[in-house]
Structures are given as structure tokens and as C-alpha cells.
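In the UniProt record's numbering, the protein residues as written are 1 to 1256.
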């Protein structure tokens, strides 16, 4: 062994050249090695060098022949110490060194292991060979680690000279495209790094370390390895993404090196070893991910046999301390700590269970990301360790403590944590990991979160509640009435079994305690250790001991369990009903996710028959008319889930499932309004447009609905169910018109049959027949068709002409019949004339009951339909005229020149002439409807005469009066001259207080149409806000006011009615005592604010004055605040301030009206935005100040101006302080001085005014 100097890795590379620093008895490099290999020659130089090394027979040639090591040393020295080098080492050279060294190191390790296996115990040791092997291994490790510790130069540094800019750019671009995969900046690709790391892992293995004395590596070698590991873990390319193999090798290498260091006791404790890695984890996400991989590898590898547990505890102690202290004020560090805990929970839940005493306290961290990660750890422990049959009492106690902590964290101060905890509970529910004793407590906590201010938390709570319902914690049917009846029955059985009520109640209480969260007594709710767990088990076992004290028979036990189950179910149902109420409220939320999650919860409640679920689902259906397409699709999907998918999961035949779906839809629409039925029509259209949902509208479903309607499936179905089924079939006919074509004979047979058919049912049959026109093969009924022989028309005409006692239902049938004639006939006026002539030929029309009312109803409807037919024919002719014009435009110019030039000048034969002729002909046809000689003109005098008679004449014939007024309105729509003559009569009718509300409502709707059709005629009647149309806004009947506000809103927002001067007549209905009317008025104000955004400043000042004494102050605030929120921009605000200040009247302390006006104007001013100097300067200007100066003596007015001053001082755009703050404070002081005069008296006056009712 003499003469062989062993190689030791130096602390600094240059130390290898200094024998004094490295030691005279150690291997060192003689002479200074200068690196001067040009960049282009480096690859060739290294190739020659490694080829020479390869041809050496000795595996230790790198150590024994210094001329082989010196060139590689010069490369490494140039890589690590770039400051004194004129030439840099290229990426290609680094790549070559690392790959070759890794390959040579692996082969040498195999030689070393083979050598060690040949060494027998007690045989002579070859010390020189061992020194050569150790030194060569350390040389290769020295070369590889230093290359991986370095940072490769950028492309510009590789070619500083010798190449033009163009060549350099071209070279750089190619490298960007063909660069090494997964490059971490060292210049070595992923395969090279993995090769080196794998070899170093083998170097640290126990088999190889037998070469070293005491089987332990030197500290210098271990330090270099750890230094390289710490450098590499900070780079994402070595840990995340596709670098799983590199990250795993790094983790294993770090674990083995740490085990070696701990075994040598080179550090005082394991905490000192992991502290640098933890510090890097706080700064780098990739380092935190690596740390989680390290924990996983320590758990799975043989390292855990040595110092693995000690290393793990040190890691978790340090990270927990960092979570509580270092990461408290560092968001980046907190995210990395959270990343560590989250990754460990997913990969190594066993370690988390062992280190739970260190993980759980991190819940007290001030950072919400860390708390979320710890919640994830708790969830994984509960799911993977404490769920299943292989549990004992200790496990249940620990699990219950964790669940209690999760239940407590539902109320965390941070919304993101609450949201995460709720999603964690969802996972537990889906995995059935929630014990029965926590069912009610969890549901109560979830319902409580529905009031959370954060929409994410609300949505998560609704999602978890839906998941709980689907897991059937308390059965499939959650109807409170049914559960109460079952509970009463169980209580009666209990009294029979026990005889004594007190004994039964005692046992019920004892049993119910088993279904409540366990009351563990732990020293620290966040600390669960082995010593304290038995105490918790003792407390939990107290319930069992109580059961043993009072022994019950099997029958008594069964009865008590039934009672407790039904009591808990009833509590659960009440909680679900509360959740359903919250969901219904959130349907009106402005947040889209709130609405969608509420819809999902309502769907589940409806599926499990929660009381009020169907009513809530009908409210959901109407939302299909919302503007947001996502909400429309959510309603569509909800409808498909409730009506179709809920039965598709049942194990039954397809026919049975389709029939059940039909019955379900009928039951939903039993109490539905017209709007809700229209929503179903819209949903059918959305489903038809979606191929995945269109399959539900199958021929089987249509057949089932028709069979129920005609009575062939369910003979015991009520008339109401048959009506609903026929109406649904009429809606389906619009989208499945092929079925209507095939079922035409069945419909005619049904019309001819003797089965019971009421007017409403027949009206829906006629509505279905209208869909026949949607068939592309449809041909209209010709004009020469005999009405009495046509299979459909003869039934329609028969029902329109027959006598009836049920006038209300016959009008529904008659309207549907007229629509069928209008849709299916080529010339419907021929059929109209036939019907009206029949009524005209009837004798004693006045004396026959309801006969005159039938005639009047048909007169108005047929006249209106004839007008529609004329306009439709006009549009069709104009459209046909436009289509040939497009084709004629391509004709050769020679053809057009043949036209007579005189005709061109006169316009004869031109396109405009033909268009004018079509329009003129249509106008003549419209005039001819009620012109002398027409069938409608013949009855005009009878209609007018009937309407002129007083209401009392028709007290016993109300339908005759209603139909006459309705026909008058329809005649007025059809003919402008007739409207002009009888418009005063129409307003005289609605002015009569004794007139029925039905007549008034019909007139209001007709007036809305007349405003659109004849706006010039209606103008004089809409100019005075206290007469005519607007008088109906204050009608005594609520139904009249409700319809009037809807019609007015439609006309005003559609700009068909301009009433800006008396807009207050509609806005003041916000204070209407009827809730529906008030809500409609609020909706009108909101829509008006959005529509008149640019002109809103012109509307507010007059409204503030006009509404001040017309409505209570709280309602005034509600109406005006909506308008004031839309005032944007300095210019608009400036102008509005000026106008509002001009509305202040002269001061009077005795005038209640003036006090109310001043207070309301001050309120309007306080709602404006004062973020800029311009607005506050306008308000404090002398011209404006003098307007409100005297009113500052009124306490209410002064409070609003103080609010403005406070707001102005806070709303600085440039920071907390405003440049005009001094001016604002001066204005505030001036107001205080002006308000001091007679302050006490004025304050009393203001209070009296506030309590006073609005003065009309």
C-alpha cells in the first residue's frame, strides 16, 4: 500500500492542486491546469480522451494514470471556476462528460461488488487495490457531481467570436428546436442525469461501502453528494412533470446519504440535516415536491430500517414549525408548505398517520393554504386508515376526533378553507366514511353554510347536501307527513312494549346518544397521542355500559331503534326542507353558480319527494326563459333528470319506464301555471336541439302520452290528468310532427268516438292539429273543400257552432278551433264566412242563452285572424318578390336594355311598382274586413250597441258583456276608422267602477295592442297621468293593477309609450300593498335603469320631487337607489348634483311636504359617487350650497350631508389622502355652523316627519 496516495474529494476544486491544503499523503494534482480547448474541438477532444480510457485494461486507469485524469480535471475546473477562463465549456461537452462518467462509474461499481464478493473473511486484504477502487469511484463521483452542480452558459457565451450574428442566430434557433429533453440548465439531458444519480445511489449502497473503513463514506464525499442534491431539487426539471425517474433517484440518493451521515454521527441530530432542505422547500415549489417524494421513498425503502423514522420525524417537525411561524407572513412559503402536506397526504398516508401529532397542530397556522392541506391530510387518514371493518375502539376514537375537527373547520374564518372542508365532506360522503352518529350534525352544519356570504361556500354546501341525499342516509322517500305517521305508529308500539312512558323515553335518550358526535375528552383537541386515546375510549364506552345496565328484550330494542330512526329522519327532513328554502331563494341570485347549484339541489329534493320539492321544481322550469344560456341548459338538464333519467335507472322494461316518465310529467304539471307550461314547451325545444337529449322525446314517450290522454292506458285517470296529457301531446307535436302525420287517423277517430270529451280536452286536440302545418309535406285545405265533408273541418265547425252551457271552457275551445282553421286552410275567410253566416241565420239570437256571446266571441277572433292572414299573405308575396330580384340581377345587360325607356321613366313594371301594388292590395284587403258588405260589418252595430248598454243590464249574462267588449277591442285593432269612432266608448267602459275586472283586464291588454297599431289615435288619452289608461294603475281591483303595470312596463321599455313627464305613476307602485305588483314595479325600475343608462340623470330629479309625498321613505329609497346606481362618470354626476340642488324649495319648518322633499333630495345626493374633486367641488360651490344651506337645520338632511363628507374623505383615488381634503373639511365645518340654529327644535320636527304617513 506504500506509494499509493488515496484520492479525497476536496472542499474546493482548486485545493486539489495544493498539497498543503489537501495533505501530502493524499492524491493531488501537480502543476496548474489551464483549460484552452476551443469550443468546436471540445467534443472531439473528449471523445479521444474517453476512447483512451476505454482502451485501458485496468478499470482504475483514471486514478493510476494521472495524464487521463488531468484533462478531465481541467474541464471540471473550467466549469466550476469560470472567472479566470477565456474559453467556456459547451453544453455538448458537459453532456458528453456526464454520460461517459456515468457509464464508467456503473461498470466500476460492478467490478467493485464482484471484487468484494471474492474476498473471503480471514483472507489477506489487498489494500492497494481497495485504495485504487475507492479513489477511482470518488474521482468519477467528483467529476459527475461538479458537472451537475454547474450552470451551462447561454448560447451567446458559447460563440462569442468567430461567427456572424446571422450564424449565431441560426445556431440558437436550431438548438431551441432540437435541445436536449428536460434540460435543467446544467447542459445534461434527463437520461444523463438519471444515469449519474442511479450510479451514485449504488455508490451509497451497503455492498459498495464495504470498500471503506468501517463501511462509511468520507464526509467530503457525502457533503458533495448532498450539495448536488440540494442544488438539483430546486429545479422543476428534476422533480415535476416527466422527470419522475430523476426525482425518485434524487430522493433515494438523499435518503441513503443522510443515513450514512446519521450513522457516522457527523451531525448532532437529524434536524440539522433536513433544515437546509426545508429552507429550500419554503423557497421553491419543486423542492417541496421533492421533499414529499423523499418521505414516500423513506417509507417504502430499506432506509426506514436505519434512521428513516428519525429522518421523517425531523422533516415533519421542521415543516410543522415552518407552517406555524416562518410561513405565517410569507404567502409563497405557505404555498410550498401546503404543497408538501398535500403531496404527502396523497402518496404516503401511512407516514401521515404516524406523524399525526405533528401534522394536526398545523391547523392553527394563520395561512389558509396550509390549513387546507392539513384538512386534506385528515381526510386521507380517515378514508385510508380509519374506514373499513378492520378497526378497533382506539381507531374509532381517533377517527371521531378527526371528524369533529373537520366539522369545526366548516366555520373557518377563511372562505377558501370552508369551501375546501365542504368538498372534503363530499368525498367522505361519497366514500361512505361518515358514521351514523355524525349524520345529523353534518347536515346541520351544511345547512348553516347556505347562508354563507361567499358563493363558493354556498355552492359547495348545496353540492354536499345533494350527495348526502343520493346516499340515502335515511331512505328514498323523505316526506315529513309519511315519516310522522310512521313515528306515531312506532311510539304506540313502544308504549305497548314498555307500558311506562318514562322508561321508554329514558331508553330513547340513551339510544339517541349513540347517534350524536362522541364526546371524547382529550387534553388538546388538536393533539391525539397514545396515552390520551384510552381516556377517549372510556368515555365513548360509557354509552355501552349504560346499555348493559338496562337490559331490554329484543322486541323492545327493535321498537326503540325504530322510534329513534324515525325521530332522526324527521330532523333530517326538516333540515332538508330548510336547505330547499335556501335553494329557492338563491334561484334569484345574481351569481350564475349559485343558480346552477340551487337547481341541482332542487332536482335531488324533487327526486326524493321532499315536501315542497315539486313546487320548487316548477319555479326552476320558468328560469328557462333567463338570458344566460348556461342557466337555460341547466334547467333543461334538470328537467331531463327528473322526468326521464330518474326512471332510466330503474330495472324495468322500456315501456314501463316511458309510461312512468309520462306519469311523472303529468303529476308535475297538475298545479302548474300557464308560464310553467310554456316553460315545458321551451324545454322540449332545447331537448330537441340536443341529440343526446332528443332521444327522450321518442315515439314511445309520445305514444304513452297520447294513450293516457285518450284513456287507453289508464282508464281510471281523472279528467284533469287527461287534459294535462293532451296538452303535453300538443306541445310534443310541434317537435315530433312525424308522429302527428302517422296518428292523424287516430285523432279523427278520437273526435268521432263517444268517449267523454270536455271542451278543454278538445281544445288541446285542436292545438295538436295545428302542428300539422310544420310537416314539409303539408298541403293546405283548398278553398273549394266542402266544410261538411272534410274529416277535421267538420268537427271543428261543429264545435264552433253548437250550443253550450259551459261558456268559459267553450271560449278556450273556440279560440283553438279558429287557430286550426287559420293554420290549415288555404283561404280561411271562406270558413269564417260559413260559420258567421250560420250565426246570422239563427233566429232569436238574443233570447237563446250564451248564443249571442258565442257569436260575439267568434266575430272578434275571426276578424283578428283574417287581419293576420292578410298580413301573412303580404309578407309571403313580398318575400317571393325579393327572391326573383336576386336572380334577375345576374341577367345579361343586353336583356335589360330591351325594356321600353318610357316605362323606366314612369316606373311601370319596376320592382318598386310591384312592391307598391302588393302593399296597396293588402291595405285594401285590411280595409275590406270591416267595410260595408262584409260579414263582420253586418254585426258591427250589434257589438257597439251591446257595449253602450250599462253593466247592470248584463248582470245575469256576464259572458255576453265580456265577449262584446272583447270583440269591440278586436274590431278597433283591425280597422283604424272604427277605432277612431269608438275609442271614447272604450275608455268610458274602463272608467266605470262597476265594470267587472275581467272586462277591464281585457281592455288593458287591448289598449297595449292599440298603442302599437294606432299610436296617433291613443296619444291624447295618454297625456294626462290621472285619466284614461293610467287611471287603471290605481284601480281598486288588484288584478287590474297587476295587468296594467305589466302592459305599461312592456310599452315603456319597448319605447312604444313615452311618458317621461309622468313616469312616477308607475314607479310609485313600488309601494303598492300587493307584493306581486310591488315586485313588478321594482323589476320595471331595474330594467328602466339599464335601458336609460345614458339619460338616467334627466329622470331622477323630477322623480325625487314627485315621489316624495307619494310613497313611504323606505320604498322611495328602494326605487331611487336602483336608478342612482346607474349614474356613472364625472360629467353626469356633476350635472345631476346641480339639478338636484335646484329642487330644494324655500325653507319651511312647518311644511311636511317640503321637509319630505328636502330629505329625499339629500338622500339622492348621498347615494352618488364622490371619488373625484370635480363632483365634490360642484356640491360645495356657493350656488349649490345656498340651495340647501337653510335645510341643514333639519336633522335628517344634515345627517345625509355629513355622510357625503365622510364618504368624500375616504374615496381618494390617488391614495388615502385627497388633495381637496382641506376643502372638504372646511365645507363640513361650515355645514355644522349652519345647522346649529334651533337644532333641537328641528330635530324633533324631523322625527315627527319620519313617523308621519305619506301625504297624498
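From the three backbone atoms N, C-alpha and C, an ideal C-beta is built for every residue, glycine too.
Beta-bridge partners assigned by DSSP to residue 6: 26. Beta-bridge partners of residue 825 (DSSP): 781. For residue 335, the enclosing alpha helix (DSSP H) starts and ends at 331-347. By the Cβ-count criterion, residue 799 is buried, with 16 or more other Cβ atoms from all chains shown falling within 10 Å of its own Cβ.
Note that the region 101-108 touches the region 136-151; at least 3 beta-carbon pairs, one per stretch, sit closer than 8 angstroms. Residue 197 and residue 406 have their C-alpha atoms roughly 42 angstroms apart. Around the CB of residue 629, fewer than 16 other CB atoms lie within 10 Å, so the residue is classed as exposed. Taken atom to atom, the span from the alpha-carbon of residue 479 to that of residue 609 is near 6 angstroms.
For residue 316, the enclosing alpha helix (DSSP H) stretches over residues 308-324. The beta carbons of residue 211 and residue 279 sit no closer together than 8 angstroms. Judged by beta-carbon spacing, residue 730 lies beyond the 8 angstroms limit of residue 701, meaning their Cβ atoms are not closer than that value. Taking every protein chain shown into account, the CB of residue 325 has fewer than 16 other CB atoms within 10 angstroms, so this residue is exposed. If you draw a 10 Å sphere on the C-beta of residue 1056, you find fewer than 16 other C-beta atoms in it, and that means exposed. When Cβ pairs closer than 8 angstroms are counted between the two stretches, the region 778-797 is seen not to touch the region 930-938, the count staying below three.
Within the region 1126-1170, the complete alpha helix (DSSP H) segments at least 4 residues long are 1130-1142 and 1152-1166, listed from N- to C-terminus.
A direct Cα-to-Cα measurement between residue 78 and residue 217 gives close to 27 angstroms. Taking 8 angstroms as the cut-off, the Cβ atoms of residue 1052 and residue 1004 do not count as close. Residue 916 and residue 883 have their alpha carbons spaced roughly 16 angstroms apart. Under the three-state reduction of DSSP, residue 141 is assigned to helix. The DSSP-derived three-state label of residue 702 is helix. Considering only 999, 1151 and 671, the residue with the shortest C-alpha distance to residue 724 is 671. With respect to residue 867, residue 918 sits apart: the two C-beta atoms are not nearer than 8 angstroms.
In the structure shown, residue 799 falls within a helical segment according to DSSP collapsed to helix, strand and coil.
Ranked by Cα distance from residue 1122, the options 1109, 1103 and 1137 are led by 1103. In this structure, residue 433 lies near residue 387, with their beta-carbon atoms less than 8 angstroms apart. Counting only runs that start and end inside the region 624-679, the alpha helix (DSSP H) elements of at least 4 residues fall at 629-640 and 654-668.
Going by beta carbons, residue 961 and residue 971 fall outside the 8 angstroms limit. The beta carbon of residue 1154 lies closer than 6 angstroms to those of 1145 and 1148 in the same chain, with the five residues before and after it left out. Counting along the chain, no alpha helix (DSSP H) covers residue 608, and no H or E run does either.
Judged by DSSP secondary structure, residue 150 falls outside any alpha helix (DSSP H); it is assigned neither H nor E.
Residue state for residue 119 is assigned as coil, using DSSP reduced to three classes. Restricted to the region 415-458, the alpha helix (DSSP H) segments that are unbroken, complete and at least 4 residues in length are 415-430 and 439-448, listed in chain order. Residue 768 and residue 997 have their C-alpha atoms spaced approximately 32 angstroms apart. No Cβ-Cβ contact shorter than 8 angstroms links residue 383 with residue 371. Taking the Cα positions, residue 203 is about 20 angstroms away from residue 27. The beta carbon of residue 687 lies closer than 7 angstroms to those of 636, 640, 693, 694, 696 and 697 in the same chain, with the five residues before and after it left out.
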